[in-house]
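Per this note's numbering, residue 960 is the first one in the sequence shown, and the count goes up by one each step.
One structure is given here, and the rest of the page talks about it.
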Amino acid sequence: MTQRLKNKIALITGASRGIGAAVAKRFAQEGAQLILVARSSTDLEAVDDEVQKHGPPAVLVPFDLTDLPRIDDFAQSIATRFGKLDILIGNAGILGGLTPLTHIKPSLWHQVITTNLHANWHLLRAFEPLLIQAKEARLTFVTSGITTHPTPYWGAYATSKSALEMMIKTYAAEVRHTAFKVNLVNPGSTRTALRAEAMPGEDPLTLPAPEDITEVFVCASEPACSWHGEILNARDPQFYKR
């Protein structure tokens, strides 16, 4: 392995399974020091077992990102321990079911918007001082192809991801004269629990595994990255080779 992220401190949300777990394992192979966030401590520990096959133990942070006030405390603890953050991967997200817009329970609507949008804003706000301390900060957030066309019953998820795209593109424009590189990744249809929830009748073996799409995250996070304010397609041939 080429160690393209050697000694980089990388924070990954939604890291206990699916795309987040796959990116964590790949980043460990590339030499990164990992900070992994997810709700399940048991699942995080399982990911860390794999991480330790390639490098030092990850810092495991089991908490729900919808507990927004805790994000500031979390950032302060990372500041005390590391003093900087090189890479932020905003991957945590929920579907919230497929329901007509006017039938969604208000509590579920707010949970989807908070998880997929508000938590990422709080992460940006809380961790920006640490990212500034890095020589070449790299920020990547996971979006979805659902934002490109209105689709019945996907209202909460599509709204949250569309808003996330605009928020991240706006932030990218604001920091364009810095050393930051800020992008989004559209992973496409991937063999994840969220995809299975959305498409229960689909054969998951027809889809790429999360491990198949990690290259785009490495490319967006390495010092050589030149993209900024882009939506990167994980299936682009330059990233995706099966």
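We put the beta carbon where it would ideally sit given N, CA and C, even for glycine.
Small disclaimer: the values here were computed from a predicted structure and weren't measured.
Simplified DSSP assignment, three categories, for residue i
i: Leu1019; result: strand
i: Ala1078; result: helix
i: Phe1100; result: strand
i: Val996; result: strand
i: Val1141; result: strand
i: Thr972; result: strand
i: Ile1190; result: strand
i: Val1134; result: coil
i: Pro1163; result: helix
Member of the options whose CA lies at the smallest distance from the CA of residue i
i: Asn966; options: Val1006, Glu1009, Asp1045; result: Asp1045
i: His1069; options: Thr1107, Tyr1116, Glu1095, Gly1104; result: Tyr1116
i: Thr1102; options: Thr1025, Leu1090, Leu1191; result: Leu1191
i: Leu1047; options: Ala1085, Arg1097, Asn1142; result: Arg1097
i: Gln1092; options: Ile1037, Thr1073, Leu1057, Asn1145; result: Ile1037
i: Cys1178; options: Gln988, Gln1197, Gly1104; result: Gln1197
i: Asp1008; options: Leu1027, Ala991, Ala987; result: Ala987
i: Thr1099; options: Asp1002, Gln1011, Phe1176; result: Phe1176
i: Thr931; options: Gly977, Arg985, Leu1067; result: Residue 931 lies beyond the range of the chain shown here (960 to 1201); nothing can be said about it.
i: Ala1034; options: Leu1054, Leu970, Arg985; result: Leu970
i: Leu1090; options: Gly1114, Asp1195, Val982, Thr1137; result: Thr1137
i: Leu1255; options: Asn1050, Pro1111, Thr1106, Leu1057; result: For the chain, the structure presents residues 960 to 1201; residue 1255 sits outside this window and is missing.
Cβ distance (whole Å) where residue i is taken to contact residue j below 8 Å
i: Leu1166; j: Thr1149; result: 6 Å
i: Gly1147; j: Gly1104; result: 6 Å
i: Ala1132; j: Gly1042; result: Going by Cβ atoms, the distance from Ala1132 to Gly1042 rounds to 28 Å, so no, they are not a contact pair.
i: Ala1157; j: Leu1054; result: 6 Å
Where the beta strand (DSSP E) containing residue i begins and where it ends
i: Gly1049; result: 1046-1049
First and last residue of the uninterrupted alpha helix (DSSP H) at residue i
i: Val1071; result: 1065-1072
i: Lys984; result: 977-988
i: Gln1035; result: 1028-1041
i: Arg1154; result: 1152-1157
i: Phe1176; result: 1174-1180
Residue i Cβ short of 8 Å to the ligand GTP heavy atom set
i: Leu1143; result: The model on display carries no ligand, and the ligand GTP is accordingly not part of it.
Are there three or more Cβ pairs, one per stretch, closer than 8 Å when the region 995-1003 is compared with the region 1020-1028? yes
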